[in-house]
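**Student:** All residue numbers for the sequence shown refer to the numbering used here, where the first residue is 73 and numbers rise by one.
Just so it is clear, CB atoms sit at the ideal spot from N, CA and C, and this is done for glycine as well.
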Amino acid sequence: MAQKNKSGGARSAARLAAVQATYQLLMSEEPNAVLTIDEYKKHRLGKEIEGIEFAKADEKLFSDVVEGTWNRAEELNSLIGSSLKDGWSTDRLEKLIHAILLTGAYELSARPDVPTAVIITEYVDVTHAFCERQEASFVNGVLDKIGKTVRS
């Protein structure tokens with residue numbers, strides 16, 4: 073998964089890593105959130121890999137988002153599915169976009185301490201790190217619908 077350079081604070085780095093870890097879980101034949109979280113903490117967060125220095129991430133936020141997303145994936149998929157256009161399901165989503173929506177939906181539903189606009193902006197920024205404008209607009213629209221549903 074290629075990444076365009078994006079700078080930000082420890083919480084932004086945690087969200088970016090959480091999306092990457094969730095993507096890894098979605099792609100895995102035998103996903104295990106606990107092992108994936110441990111792998112990221114030991115070998116990726118704030119480390120240099122292949123000459124690229126990764127930003128120091130808020131490990132507590134990273135762990136919460138990955139574990140919470142994975143433990144509530146069925147519920148979050150339902151929430152995402154109901155926010156998609158008729159005829160669309162989460163099965164039709166590209167895995168990276170699915171991972172972004174899952175982690176964003178988790179934060180919107182489980183982290184009332186973080187303002188809705190901050191969460192949506194952060195995950196749109198993550199989308200921009202990997203994708204084009206069209207995908208970022210899509211993520212923005214879906215997360216906005218989810219935010220209105222879970223925070224009204």
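Over what stretch of residues does the alpha helix (DSSP H) that includes residue 94 continue unbroken?
**Tutor:** What you label residue 94 is simply residue 22 of the sequence shown in a count that begins at 1. Looking at the DSSP string, the run of the alpha helix (DSSP H) that includes residue 94 is 82-99.
**Student:** Given residue 149, which residues of its chain have a CB within under 8 Å of its CB, disregarding the five upstream and five downstream residues?
**Tutor:** Taking the sequence shown and counting its residues from 1, one reaches residue 149 at position 77. Excluding residues within five positions, the ones whose Cβ falls inside 8 Å are 162 and 174.
**Student:** Near residue 89, what residues of its chain come up, given a Cβ to Cβ distance below 7 Å and the 5 sequence neighbours on each side ignored?
**Tutor:** The residue you call residue 89 lines up with position 17 of the sequence shown. Hits under 7 Å: 112, 116, 117, 129 and 134.
**Student:** What is the DSSP secondary structure of residue 120, reduced to helix, strand or coil?
**Tutor:** For the purposes of this step, residue 120 is identified with residue 48 of the sequence shown, where counting begins at 1. In the three-state reduction of the DSSP assignment, residue 120 falls in the strand class.
**Student:** Rounded to a whole number of angstroms, what is the C-alpha to C-alpha distance between residue 206 and residue 193?
**Tutor:** Sequence index remark: in the sequence shown, residue 206 carries index 134 (1-based). Sequence index remark: in the sequence shown, residue 193 carries index 121 (1-based). Rounded to whole angstroms, the separation of the alpha carbons of residue 193 and residue 206 is 15 Å.
**Student:** Which of the three DSSP states is assigned to residue 228 in this structure?
**Tutor:** Past the edges of the chain, shown from 73 to 224, lies residue 228, and the structure says nothing about it.
**Student:** Can you confirm whether the segment 185-199 touches the segment 149-160 when touching is taken to mean that 3 or more C-beta pairs between the two stretches lie within less than 8 Å?
**Tutor:** no
**Student:** Closest by CA to residue 137, which one among 92, 166, 215 and 103?
**Tutor:** Translated into positions along the sequence shown, residue 137 becomes position 65. Comparing Cα positions, the closest option is 92.
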